[in-house]
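Residue numbers (our numbering), protein chains in the order written: chain A, 1317 to 1556; chain B, 1317 to 1556.
Here the structure comes first, spelled out in structure tokens, and everything after it is commentary.
There are 2 protein chains.
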Amino acid sequence: MNTHTVKAYGDELNQLTAEVARMGGLAEAQVADAVESVGRRDVALARAVVERDVRLDAMHREIEKKAIRLIALRQPVATDLRKTLSAMKLAVDLERTGDLAKNIAKRALILAESDPMQPLTRSIERMGWLVSTRLRDVLDAYTASELDRAVAVWTSDDEVDEHYNAMFRELLTYMMGDPRTITACTHLLFMAKNLERIGDHATNIAETIHYEITGDEMIGERPRWAPGPDADKPLSAPAA
Amino acid sequence: MNTHTVKAYGDELNQLTAEVARMGGLAEAQVADAVESVGRRDVALARAVVERDVRLDAMHREIEKKAIRLIALRQPVATDLRKTLSAMKLAVDLERTGDLAKNIAKRALILAESDPMQPLTRSIERMGWLVSTRLRDVLDAYTASELDRAVAVWTSDDEVDEHYNAMFRELLTYMMGDPRTITACTHLLFMAKNLERIGDHATNIAETIHYEITGDEMIGERPRWAPGPDADKPLSAPAA
């Protein structure tokens, strides 16, 4: 293998990592904008999020294609193979994160047509802020290759789950108290669920970074797609 | 490369495919049992589904590990590389399918403690049957390497979406008509959403089979995690 080949190979790998980082930046912005569009009842912003999602889909396909080509032509091993496989995995999580942000924006468009539900949209905003922070932290960990930071995100998911469960109860109480709010509350419920799932994707990303850096799986089991207490024990239903 | 190495390599690849097929069988059973446990209010069956899910998680990790080892040590190209990468992708979709089945079973456990809601659980069963059929068909396509069959599953997702949207409206009507059913209906709503997402995973699996066999991406765009009409246009809310 001559120097030229080695250089081109390293370039390709660096380019792949950079593309994942860029995709991460866009996904992060999509989540933040989607949440913002809910709170501000900003129809134009929500529409922009929906329209911008195709870019994440395109980036996902591009990263996957490049990674497969790299594996087939360069046959990377050890760290390089882990970097390449991680890029593929991260692109999947970021694409799904984008889909979830798009779904939130679509629901924001619907909510903008009904009466404002201030205290509830405030809860969505707080939860959205929490999830956005997780996503930003884990993407910082990726670009800086900082293991500790990735592990910190991995171990801190409970906060999001707690927020989701509190929101779930809040929404049920609202619906029972005023059945006219049921349709709007159902959309808010799915928004909260979407944010919880974005939090799960941040956890997945942390696991992938851990694998990329150490070559080991994350120790211990973290439930993914956990239903939260709402599916673990019956809720004490507030009076309607 | 001597004959022994070649043979061992082929064996490894066949074993990987067989493990994915086996994981598919288990995931299929988990979905069917979870749906069955809702209709029959079968607490023992729902518990069995919840407990069995760890096996799918273990299989996912095992398949991923073997695929990575195969890429690193055997450096497969062309069809073999596609087979290996597909195995990794399919294991992810099957693991998530299992998580969703587990979530349905957990909610079945909660519903078993409240009053039966016959017409609604019937709708879940019908939707579950539809989704199970999709999953079975696409796994048949995988084990038989039948491209047409995979494409057929890929093009037939609308039925599940339609069913989900009908259920969404049915559940809202129910909640508004009798706010005491809100908690139960919310669990049924998430069950329906979970089934819709299992349908999406069947679609992903069809795409992966298409890639494995042809080396090309599926033509055209299929929305994943699509919110359905419920998030695309405002619902005409039935009177409470």
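Glycine included, each C-beta is placed from N, C-alpha and C at the ideal position.
- Task: Pick out the complete alpha helix (DSSP H) segments inside the stretch 1473-1503 of chain B, 4 residues or longer, and give them in chain order.
- Result: Note on the stretch 1473-1503 of chain B: whole alpha helix (DSSP H) runs with a minimum of 4 residues are 1474-1493, in chain order.
- Where B:Met1404 sits in the DSSP three-state scheme: Helix at B:Met1404.
- Query: Are the Cβ atoms of B:Arg1398 and B:Glu1528 separated by less than 7 Å?
  - Reply: Yes, these two residues count as a Cβ contact at 7 Å.
- By a C-beta neighbour count over all protein chains shown, 10 Å radius and 16 as the cutoff for buried, is B:Asp1494 buried or exposed? Sixteen is the threshold: since fewer than 16 other Cβ atoms of the shown chains lie within 10 Å of the Cβ of B:Asp1494, the residue is exposed.
- Message: Counting C-beta neighbours from all protein chains within 10 Å, is the total for B:Asp1409 16 or more, i.e. buried, or is it exposed?
- Response: Classification for B:Asp1409: buried.
- Message: Any beta carbon from chain A within less than 7 Å of B:Ile1498's own beta carbon?
- Response: Closer than 7 Å: yes.
- Item | Three-state secondary structure assigned by DSSP to A:Val1393 | A:Val1393 falls in the coil class under three-state DSSP.
- Would a check of beta-carbon distances place A:Trp1541 closer than 7 Å to chain B? With a pLDDT of 36 at A:Trp1541, under the threshold of 50, the predicted position of this residue should be treated as unreliable, though the coordinate-derived value follows. It does; some Cβ of chain B falls within 7 Å.
- Query: Can a CB atom of chain B be found closer than 7 Å to the CB of A:Val1393?
  - Reply: Taking Cβ atoms only, chain B reaches closer than 7 Å to A:Val1393, which makes this a yes.
- Task: Keeping to the same chain, check which residues put their C-beta closer than 6 Å to that of A:Ile1498; ignore five residues upstream and five downstream.
- Result: Counting only Cβ-Cβ distances below 6 Å, and skipping sequence neighbours, we find Met1491.
- Query: Between B:Lys1418 and B:Val1467, which are expected to be in contact by the criterion C-beta below 8 Å, what is the C-beta distance as a whole number of angstroms?
  - Reply: With a contact defined as Cβ atoms closer than 8 Å, B:Lys1418 and B:Val1467 miss out at about 30 Å.
- Task: Taking A:Arg1377 as the query, report the chain B residues whose CB atoms sit under 9 Å from its CB, ordered along the chain.
- Result: Correct list: Glu1533.
- Amino acids of chain A, ordered along the chain, whose beta-carbon sits closer than 8 Å to that of B:Leu1397: What B:Leu1397 touches in chain A: Ile1384, Ile1387 and Ala1388.
- Message: I need the straight-line Cα distance from B:Gln1434 to B:Glu1441, nearest angstrom please.
- Response: Cα to Cα, B:Gln1434 sits roughly 10 Å from B:Glu1441.
- Message: If I measure Cβ to Cβ from A:Cys1501 and keep anything under 6 Å in the same chain, skipping five residues before and after, which residues do I get?
- Response: Result list for A:Cys1501: Leu1487, Tyr1490 and Met1491, in chain order.
- Which residues in the same chain as A:Leu1463 place their Cβ atom closer than 8 Å to its Cβ, once the five residues preceding and following it in sequence are excluded? The answer, listed in chain order, is Ala1457, Ile1525, His1526, Ile1529 and Thr1530.
- Message: Any contact between the stretch 1470-1489 of chain B and the stretch 1510-1519 of chain B? By contact I mean 3 or more CB pairs, one from each, below 8 Å.
- Response: Touching, yes, given that three or more Cβ pairs across the two stretches are closer than 8 Å.
- Item | Alpha carbon of B:Gln1391 to alpha carbon of A:Leu1401, nearest angstrom | Using only the alpha carbons, I get a separation of about 14 Å.
- Would a check of beta-carbon distances place A:Met1492 closer than 7 Å to chain B? So yes, A:Met1492 belongs to the interface.
- Determine the contact status of B:Leu1372 and B:Gly1414, defining contact as a CB-CB distance below 7 Å. Yes. Within cutoff.
- Task: Would you mind stating whether A:Leu1361 and A:Asp1369 have Cβ atoms separated by less than 7 Å?
- Result: No, the Cβ-Cβ distance between A:Leu1361 and A:Asp1369 is not below 7 Å.
- Determine, using beta carbons only, whether B:Pro1495 comes closer than 7 Å to chain A. So yes, B:Pro1495 belongs to the interface.
- Message: Restricting to Cα atoms, I'd like to know which of B:Arg1423, B:Asp1474, B:Ile1379 and B:Leu1389 is closest to B:Glu1352.
- Response: Selected option, being the one with the closest Cα: B:Arg1423.
- Buried or exposed: which applies to B:Ala1324, given that a residue is buried once 16 or more other Cβ atoms fall within 10 Å of its Cβ? B:Ala1324 comes out exposed.
- Task: Run down chain B in chain order and give the residues with a C-beta less than 7 Å from the C-beta of A:Leu1401.
- Result: Ordered by position in chain B, the residues that pass the 7 Å Cβ test against A:Leu1401 are Ile1384.
- State buried or exposed for B:Arg1377, treating a residue as buried only when at least 16 other CB atoms are found within 10 Å of its CB. Label assigned to B:Arg1377: exposed.
- Query: Between the Cα of B:Asp1474 and the Cα atoms of B:Leu1455, B:Arg1513 and B:Glu1328, which residue gives the shortest distance?
  - Reply: Residue B:Arg1513 is the option with its Cα nearest to B:Asp1474.
- Inter-residue Cα distance where the pair is B:Val1476 and B:Val1447: Each residue's CA atom was taken as its position, placing B:Val1476 and B:Val1447 some 7 Å apart.
- Item | Contacts of A:Leu1488 in chain B (Cβ-Cβ under 8 Å) | Within chain B, the residues Ile1498, Thr1499 and Thr1502 have their CB atoms less than 8 Å from the CB of A:Leu1488, given in chain order.
- Query: Helix or strand or just coil, what does DSSP make of A:Ala1334?
  - Reply: Three-state result, A:Ala1334: helix.
- Between the C-alpha atoms of B:Thr1333 and B:Ala1403, what's the straight-line distance to the nearest angstrom? Distance between the alpha carbons of B:Thr1333 and B:Ala1403: 7 Å.
- Alpha carbon of A:Arg1465 to alpha carbon of B:Leu1455, nearest angstrom: Those two C-alpha atoms are separated by around 39 Å.
- Item | 6 Å Cβ shell around B:Ala1522 - same chain, five flanking residues per side excluded | Shown here for B:Ala1522: same chain residues with a beta carbon closer than 6 Å to its own, the five before and five after excluded, namely Val1454, Ala1466, Val1469 and Trp1470 in chain order.
- Query: Where does A:Glu1367 sit, in a helix, a strand or coil, going by DSSP?
  - Reply: Note: A:Glu1367 maps to helix in three-state DSSP.
- Message: Assuming A:Ala1508 and A:Met1443 are in contact, meaning their beta carbons sit under 8 Å apart, how far apart are those beta carbons, in whole angstroms?
- Response: The distance from the Cβ of A:Ala1508 to that of A:Met1443 is about 6 Å, consistent with a contact at the 8 Å cut-off.
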